[in-house]
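Only one structure is covered here, and it is reproduced in the block below.
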Amino acid sequence: MAELSYPDVQGGGSLILAYQVRNKKVLVVGGGEVAAGRIVRLLEADANVTLVSPRSGLNPEVAYRAAQKQVIYHDRVFEPSDLDDPAITMVMTAIDDPDASSRIWKLCKERRIPANI
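For the sequence shown, my numbering gives the first residue as 2, with consecutive numbering after it.
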């Protein structure tokens, strides 16, 4: 039998997963360009999107989605109590603050809520 050769495993990569969010509540934290893209993808997947971001940080498209009531919008910074809603099935952050994103991720992990940071 011939000896087979396989490539070495290279660690540090990512695994892209599909997650069914139809009719599920997803919390988006942040309101900039990255948030705009995430919100559109979530709405296309029929998710119920809740957005937390100060109005001053809203991208024009995100502001439009909020004004059209396509998302439930809270004009303020993220608070840990935002995760108290048992209907939240996923959290997506889109903020330019790595430390704040890490804090949100840790809170999500404690509550066993999937998070995309």
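C-beta atoms are modelled at their ideal positions from N, C-alpha and C, and glycine is treated no differently.
Exercise for review: Please list, in chain order, all residues of the same chain as G32 whose beta carbon is under 7 Å from its beta carbon, the five residues on each side excluded.
Suggested key: Result list for G32: L52, S54, G58, L59, N60, V63, in chain order.
Review point. With distances taken from CA atoms, which of R39, V29, Y20, P8 is nearest L84?
Key: Comparing Cα positions, the closest option is V29.
Check your understanding: Hey, A3 and V22: beta-carbon distance below 9 Å or not?
Key -> Contact: no.
Check your understanding: At what residues does the alpha helix (DSSP H) containing L44 begin and finish?
Key -> That run of the alpha helix (DSSP H) goes 34-45.
Exercise for review: Per DSSP, which residues does Y74 bridge with? Please list them.
Suggested key: BP columns for Y74 point to L52.
Review point. In terms of alpha-carbon separation, which member of I96, I118, D86 lies closest to E34?
Key: Closest option to E34, Cα to Cα, is I96.
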